[in-house]
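Residue numbers 208 to 312, in our numbering, belong to the letters of the sequence shown in order.
Each remark here refers to the structure printed beneath this line.
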Amino acid sequence: VELFNEARLAKYKAYCPYSHFRVGTALLTSTGKIYSGCNIENASYPLSTCAERTVVVKAVSEGEKSFQKIVITSDVEIGFIGPCGSCRQTLAEFGLDLDVYLINI
Numbered sequence: 208v209e210l211f212n213e214a215r216l217a218k219y220k221a222y223c224p225y226s227h228f229r230v231g232t233a234l235l236t237s238t239g240k241i242y243s244g245c246n247i248e249n250a251s252y253p254l255s256t257c258a259e260r261t262v263v264v265k266a267v268s269e270g271e272k273s274f275q276k277i278v279i280t281s282d283v284e285i286g287f288i289g290p291c292g293s294c295r296q297t298l299a300e301f302g303l304d305l306d307v308y309l310i311n312i
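Encoded structure:
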């Protein structure tokens, strides 16, 4: 439950003045620590950072390299949003046994 709440709270920290589309993530590491992240847009759109990559950068910069679960939530009302190709590659870099939860809250 804590992981889901952290993702939801992170969503509201998103910087998305162009798309107005908020995404939040929470990542559980193998050491039991939880990191959260949000999407950060840029006027030069390719420089924007997805929430999934934000949370991985935060965790790795703190010495974490083994992840157990990630929760991803967004503003979509119907269905779910999954990680883009770049985010999938970033997550796969640290192991393919990661549980991924897509939620709407």
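The beta-carbon is built from N, C-alpha and C at its ideal position, and this holds for glycine as well.
On a predicted model such as this, the values are computed, not experimentally measured, just so you know.
Across the structure, residue 297 and residue 225 are spaced so that their CA atoms are roughly 24 Å apart. The distance from the Cβ of residue 305 to that of residue 277 is about 6 Å, consistent with a contact at the 8 Å cut-off. The beta-carbon distance between residue 216 and residue 263, rounded to whole angstroms, is 18 Å. This is too long to meet the 8 Å contact definition. Looking at the DSSP output, residue 274 sits in a beta bridge with 236. Annotation: residue 249 to residue 223 spans about 8 Å, alpha carbon to alpha carbon.
Per the coordinates, the alpha-carbon of residue 293 lies some 24 Å from the alpha-carbon of residue 285. Assigned with DSSP and collapsed to three states, residue 294 falls in helix.
With a beta-carbon spacing of about 5 Å, residue 281 and residue 230 fall inside the 8 Å limit used to define contacts.
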